[in-house]
Amino acid sequence: MIGLLEGNYKSGTVAFAPHMVQLESSAATTPHADVFGRRERQATMLSLNVIWRTERIRFKDRPDILITYPDTGAGLPPWVVPVLRSLSERRGVEPGWDSYNAKPTESPHIDRLMNYLFAVMADSSMPPIITPLWDGGVQATWHRNSKDLEVVVSADEAPMYYWHDATTSEEEEEKLEPNLTRVRSLIRQF
Amino acid sequence: MPDETEEDDLSIPDTDRLFRRVPPNQLEPLEDGSWRPTSSVFKHPRLSVNIECLMVEQGRPPEDTLTGYPDHYLTSILARDVRAKGHPIVKDTEPPNDPAHGLVLGKKKGSFANAMLASHRWIVPPPPRQE
Numbered sequence: 001m002i003g004l005l006e007g008n009y010k011s012g013t014v015a016f017a018p019h020m021v022q023l024e025s026s027a028a029t030t031p032h033a034d035v036f037g038r039r040e041r042q043a044t045m046l047s048l049n050v051i052w053r054t055e056r057i058r059f060k061d062r063p064d065i066l067i068t069y070p071d072t073g074a075g076l077p078p079w080v081v082p083v084l085r086s087l088s089e090r091r092g093v094e095p096g097w098d099s100y101n102a103k104p105t106e107s108p109h110i111d112r113l114m115n116y117l118f119a120v121m122a123d124s125s126m127p128p129i130i131t132p133l134w135d136g137g138v139q140a141t142w143h144r145n146s147k148d149l150e151v152v153v154s155a156d157e158a159p160m161y162y163w164h165d166a167t168t169s170e171e172e173e174e175k176l177e178p179n180l181t182r183v184r185s186l187i188r189q190f
Numbered sequence: 001m002p003d004e005t006e007e008d009d010l011s012i013p014d015t016d017r018l019f020r021r022v023p024p025n026q027l028e029p030l031e032d033g034s035w036r037p038t039s040s041v042f043k044h045p046r047l048s049v050n051i052e053c054l055m056v057e058q059g060r061p062p063e064d065t066l067t068g069y070p071d072h073y074l075t076s077i078l079a080r081d082v083r084a085k086g087h088p089i090v091k092d093t094e095p096p097n098d099p100a101h102g103l104v105l106g107k108k109k110g111s112f113a114n115a116m117l118a119s120h121r122w123i124v125p126p127p128p129r130q131e
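Note that the protein sequences, when read in sequence, are chains A and B.
Everything in the first sequence is counted per this note's numbering, starting at 1 for the first residue and increasing by one.
Everything in the second sequence is counted per this note's numbering, starting at 1 for the first residue and increasing by one.
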């Protein structure tokens with residue numbers, strides 16, 4: 001599942017994967033228009049049979065978020081807004097946000113995480129909590145009834161998932177990419 | 001600064017607590033209304049902590065680790081639990097570091113971070129959630 005919104009338009013780089021980009025509200029006008037324009041051109045080039053919809057999500061006292069997603073006619077999946085709210089509230093903004101030496105959360109890692117979430121979440125899935133990592137990466141966490149699942153997109157290694165069921169002592173930690181079906185089934189346990 | 005190959009400093013007792021600040025954006029709500037740190041708190045390959053025996057020598061209570069960070073909370077893990085997962089602990093007290101500063105060395109897997117979550121003890125916990 002691939003989004004068509006560029007994630008790094010300030011440098012002129014076009015990326016095909018990211019679903020979202022965060023805008024500074026004071027400088028949103030020009031990049032906003034540019035993003036829509038690029039998206040339309042790319043959609044034509046790829047001739048995909050998917051309708052890509054872009055929505056602006058507003059949170060009080062936070063920068064607006066633009067998200068582009070494959071719309072099946074049902075609109076934005078219910079888990080998306082809670083995830084974006086969690087991201088907006090919790091991302092690391094300044095260097096040293098953890099009072100040690102953490103790096104600010106980087107948008108490309110958020111984009112990658114969102115792409116993976118679109119790949120593994122069902123409309124009815126429980127939204128994870130989003131937590132910044134020390135290296136600028138980000139992770140999604142589900143926790144309920146002694147069960148833990150993490151999808152981890154760090155800056156310096158392949159995305160991973162971690163699963164632990166304390167009631168059975170079952171524990172897994174593997175690369176995410178070849179195991180999306182497994183992660184999909186684990187999410188259904190929450 | 002300790003080298004990654006540096007050996008575990010056995011002058012740090014197994015029973016020592018290692019204190020770590022937790023910022024508000026690394027908290028996770030639990031079903032009972034309390035909070036726990038997220039596993040990401042324990043994933044740094046050079047995980048900064050304050051070492052209990054050094055703080056005792058210096059006449060400082062654990063809460064002193066929070067000086068200058070009024071919005072943060074304080075948790076602790078045991079040196080024994082860290083070593084059981086194969087991670088060395090070293091002192092790292094040269095200025096400008098805190099004189100009780102130490103590091104838990106080595107790349108951290110999810111299994112390590114979640115084991116620390118299971119055994120951590122709050123020193124200064126977040127207030128319970130009010131639904």
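Idealized CB from N, CA, C, for every residue including glycine.
- What in chain A is Cβ-close to B:P23, meaning under 7 Å? In chain order: W97, D98, S99.
- Message: At the level of alpha carbons, what is the spacing between B:I12 and B:V49?
- Response: So the alpha carbons of these two residues sit roughly 13 Å apart.
- Interface residues of chain A facing B:Q26 [CB-CB closer than 9 Å]: The answer, in chain order, is R90, D98, T131, P132.
- Task: Give a yes or no on whether the C-beta atoms belonging to B:R160 and B:S76 are separated by under 8 Å.
- Result: With chain B running from 1 to 131 in the structure shown, residue 160 of chain B is simply not present.
- Taking only beta carbons into account, state which residues of the region 95-126 of chain B come closer than 7 Å to chain A, listed in chain order. The region 95-126 of chain B vs chain A, Cβ under 7 Å: K109, G110, S111, N114.
- Item | Opposing strand residues paired with B:R46 [DSSP bridges] | Looking at the DSSP output, B:R46 shares a beta bridge with B:L105.
- Item | Buried versus exposed, by CB contacts within 10 Å (16 or more), B:G86 | Here B:G86 is exposed. Its C-beta has fewer than 16 other C-beta atoms within 10 Å.
- Supposed close pair A:L180, A:W163 - CB separation, criterion 8 Å: Contact check for A:L180 and A:W163: beta-carbon distance about 13 Å, past the 8 Å limit, so the pair fails to qualify.
- Could you name the residues of chain B that A:T141 contacts, counting a contact when the two beta carbons are closer than 9 Å? Those within 9 Å of A:T141 in chain B are E28, T38, S39, S40.
- Query: B:D81 to B:S39, Cα distance in whole Å?
  - Reply: The straight-line gap separating the alpha-carbon atoms of B:D81 and B:S39 is approximately 15 Å.
- For A:L133, name the three-state secondary structure that DSSP assigns. Coil, per DSSP.
- Please classify B:H120: does DSSP put it in a helix, a strand, or coil? B:H120: coil per DSSP, three-state reduction.
- Between which two residues does the alpha helix (DSSP H) containing A:F118 stretch? Segment 107-120, the alpha helix (DSSP H) holding A:F118.
- Task: Answer yes or no: do A:S107 and A:D135 have a C-beta to C-beta separation smaller than 8 Å?
- Result: No.
- Task: Reducing DSSP to helix, strand and coil, say where A:E177 ends up.
- Result: Here DSSP, grouped into helix, strand and coil, assigns A:E177 to helix.
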